[in-house]
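Novice: Below you will find the structure I want to go over with you.
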Amino acid sequence: MRHLLFGLLSLLVLIPTIQGQTGESSDFTLLFNGQDFSNWKVPQGDNGHWRVMDGVIDYDGESEAKEKHLWSEQSFKNFELMVDWRIKETPYINPRVPIILPSGLHKLDKDGNVIRTSVPDSDSGILIRGQMKSQVNIWCWPIGSGEVYGYRNDESLPANVRAGVVPTINADHHIGEWNTYKIRVVGEHLTVVLNDQTVIKDAWLPNLPSSGPVGLQHHGNKKNGKWSSPPALVQFKNIAIQELPDVFAEVMDHPDSKDWPLLFGDDLSLGIDLHHSWRLEGDVMVADKDESIWSDRTYEDFILDLAFKNAPGTNSGIILHCRDRQEWVPNSIEVQIADDYAEKWAKSPKNWQCGAIFGRVEPSERTVKVAGEWNRCTVISQDRMIKVMVNGKWVSEMNMDEHTKVAINPDGTSIPEWLKHPPATLAAHGQIGLQGKHGDAPIYFRDVRIKDLD
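The sequence shown runs 0 to 453 under numbering that gives the first Met the number 0.
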């Protein structure tokens, strides 16, 4: 998915348009000028092993420094990074390369031993936010480059996290040929495009530092003049970066959405209302039945802004990422709308109350107004994160990838049995819906407007 790109780095040199792998043109900022190590920290004591020659960064794998990686001087939070790289040669034969399964585990033989093979190998990578663990690999393994080794091999992480950092395809060019990475990092999520092919899509990297420099990795050792592990015999060029916005940080209050398009149109003609349950009373949407109205298209990253009014005892909701309208309850995410002052909802579990992500995350405080008064609600969905504001207060937030269990939420609360699909297993794109007259009490909506961030 693409993101709104608000700001460019002001401390570096602005370069002309760069053509990305996807065919899109954008202004990026040059991180390597092709002439010297301006904007980079050469390891102290390196002794010339990292060098600039013929417009490229060249490394021979033999830095004499204690800390051998090459780091950018500046730190970055959310960004898109373009890097051309190539492996120069592979003098080391690696005898212990495993076959990596889509799960991230190693393939075993009938006796339970890891199956290994020998390949000519060189090893480097792009280091994300200042740590080795979030290394986007460059190597010669059959699985292909782009793998995040530190996360795949962390047995303390959930299975979906480890599987998410395994390349879906080997998109590497031949040894000696140039390759192009397009790496996107937003929050704790990573996407890697290698040579026009998405090899890692929206992988979750738990506990990724919020900011840090970009690094080019050292690898390899010599004993008695021979390589004893895969060396980083690599070159890099055309390194450019563009900072991306943190939408959650940008939206500090309800947005000025008056010029945004109405999700269902000004006459509901853009809504899918198969049972003819919804009507307009002036500019107010009202449902006569317990049927939802749906957007006529799917959304992934967006800001949804609306007003709602409860009646005494209202139970409704805003439905996100729906992929199955007939069975939407277990197959989507619902932001709860309810009259918390009614006895039924006042005594209900907190993650059933207004502003909750229903059955998943309880609101931090009660901000909904009494029945009969209008409320304002803003919902942000970006990179599998959902955040909810009600009447000027952020009240709930959920990282879908952290919700991996069927019965228990990460905070230890119970999940209703009808929510049988953990959010970590759900797609973060789909139709948006509003729940109708659920129970005896009606619900009223107006000014349901959306800003598409794709």
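Note that beta-carbon positions come from the ideal geometry of N, C-alpha and C, so glycine has one too.
Buried or exposed: which applies to Ser37, given that a residue is buried once 16 or more other Cβ atoms fall within 10 Å of its Cβ?
Specialist: On the sequence shown, residue 37 is found 38 positions in, with the first residue counted as 1. Its Cβ having fewer than 16 others within 10 Å, Ser37 is exposed.
Novice: In terms of alpha-carbon separation, which member of Leu232, Trp177, Gln241 lies closest to Val185?
Specialist: Mapped onto the sequence shown, residue 185 falls at position 186. With distances taken between Cα atoms, Val185 lies closest to Gln241.
Novice: Give the range of the beta strand (DSSP E) segment to which Ala406 is assigned.
Specialist: Your numbering for residue 406 matches position 407 in the sequence shown. Ala406 -> no beta strand (DSSP E), and no H or E assigned at all.
Novice: Name the one or two DSSP bridge partners that Ile182 has.
Specialist: If you number the sequence shown from 1, residue 182 lands on position 183. Note: Ile182 sits in a beta bridge opposite Leu80, Val191.
Novice: What are the boundary residues of the alpha helix (DSSP H) that includes Arg151?
Specialist: Here residue 151 is taken as the residue at index 152 of the sequence shown, counted from 1. Note, Arg151: alpha helix (DSSP H), 148 to 151.
Novice: Starting from Lys343, trace the beta strand (DSSP E) in both directions and tell me its first and last residue.
Specialist: Stepping through the sequence shown from its first residue, residue 343 is reached at position 344. Not the beta strand (DSSP E): Lys343 falls in the alpha helix (DSSP H), residues 342 to 345.
Novice: If we call anything under 8 Å between Cβ atoms a contact, is Pro441 one with Ala306?
Specialist: By one-based count along the sequence shown, residue 441 stands at place 442. By one-based count along the sequence shown, residue 306 stands at place 307. No, the pair does not count as a contact, with Cβ atoms beyond the cut-off.
Novice: With the cut-off set at 8 Å, would you say Val387 and Thr366 are in Cβ contact?
Specialist: Here residue 387 refers to the residue found at position 388 of the sequence shown. Here residue 366 refers to the residue found at position 367 of the sequence shown. Not in contact: Val387 and Thr366 (Cβ atoms no closer than 8 Å).
Novice: Drop a sphere of 10 angstroms on the beta-carbon of Ser155, count the other beta-carbons inside from all chains shown, and report buried for 16 or more, exposed for fewer.
Specialist: Locating residue 155 in the sequence shown gives position 156, where the first residue counts as 1. Under this definition Ser155 is an exposed residue.
Novice: Going by alpha carbons, who is nearest to Lys236 out of Lys181, Leu267, Ala202?
Specialist: Here residue 236 refers to the residue found at position 237 of the sequence shown. When only C-alpha atoms are compared, the closest one is Lys181.
Novice: Given a threshold of 16 other Cβ atoms within 10 Å of its Cβ, counted over all protein chains shown, does Glu116 qualify as buried or as exposed?
Specialist: By 1-based counting over the sequence shown, the position of residue 116 is 117. Inspection of the sequence shows that residue 116 is occupied by Thr rather than by Glu. Exposed, by the Cβ-count rule.
Novice: Near Glu401, what residues of its chain come up, given a Cβ to Cβ distance below 6 Å and the 5 sequence neighbours on each side ignored?
Specialist: Locating residue 401 in the sequence shown gives position 402, counting from the first residue. So the qualifying residues of the chain are Pro409.
Novice: Below 6 Å CB to CB, which residues in the same chain sit around Gly61 once its five sequence neighbours on both sides are set aside?
Specialist: By one-based count along the sequence shown, residue 61 stands at place 62. The question names Gly, but residue 61 in the sequence shown is Glu. Contacts found: His48.
Novice: Would you decide whether Arg161 is buried or exposed? Buried here means 16 or more other CB atoms lie within 10 Å of its CB.
Specialist: Within the sequence shown, the letter at position 162 stands for residue 161. By the 10 Å Cβ count, Arg161 comes out buried.
Novice: Among Gly224, Lys225, Asn220, Ala239, which one has its Cα closest to the Cα of Ala231?
Specialist: Along the sequence shown, one-based indexing puts residue 231 at 232. Looking at the Cα atoms, Asn220 is the closest of the given residues.
Novice: Can the beta-carbon of Glu79 be found less than 8 Å from the beta-carbon of Arg151?
Specialist: Here residue 79 refers to the residue found at position 80 when the sequence shown is read from its first residue. Here residue 151 refers to the residue found at position 152 when the sequence shown is read from its first residue. Contact flag unset, no.
Novice: Considering Asn159, what are the terminal residues of the alpha helix (DSSP H) in which it resides?
Specialist: For the purposes of this step, residue 159 is identified with residue 160 of the sequence shown, where counting begins at 1. 158 to 163 is the extent of the alpha helix (DSSP H) around Asn159.
Novice: Check this for me: beta carbons of Gly383 and Ala337, under 8 Å apart or not?
Specialist: Translated into positions along the sequence shown, residue 383 becomes position 384. Translated into positions along the sequence shown, residue 337 becomes position 338. The sequence shown places Arg at residue 383, rather than the Gly named in the question. No, the Cβ-Cβ distance between Arg383 and Ala337 is not below 8 Å.
Novice: Can you name, in chain order, every residue of its own chain whose Cβ lies under 7 Å from the Cβ of His437, other than the five neighbours on each side?
Specialist: In the sequence shown, the residue the question calls residue 437 occupies position 438. Closer than 7 Å at Cβ, skipping near neighbours: Asp289, Asn314, Ser315.
Novice: Near Gln130, what residues of its chain come up, given a Cβ to Cβ distance below 7 Å and the 5 sequence neighbours on each side ignored?
Specialist: Numbered from 1 along the sequence shown, position 131 holds the residue referred to as residue 130. Counting only Cβ-Cβ distances below 7 Å, and skipping sequence neighbours, we find Pro208, Gly211.
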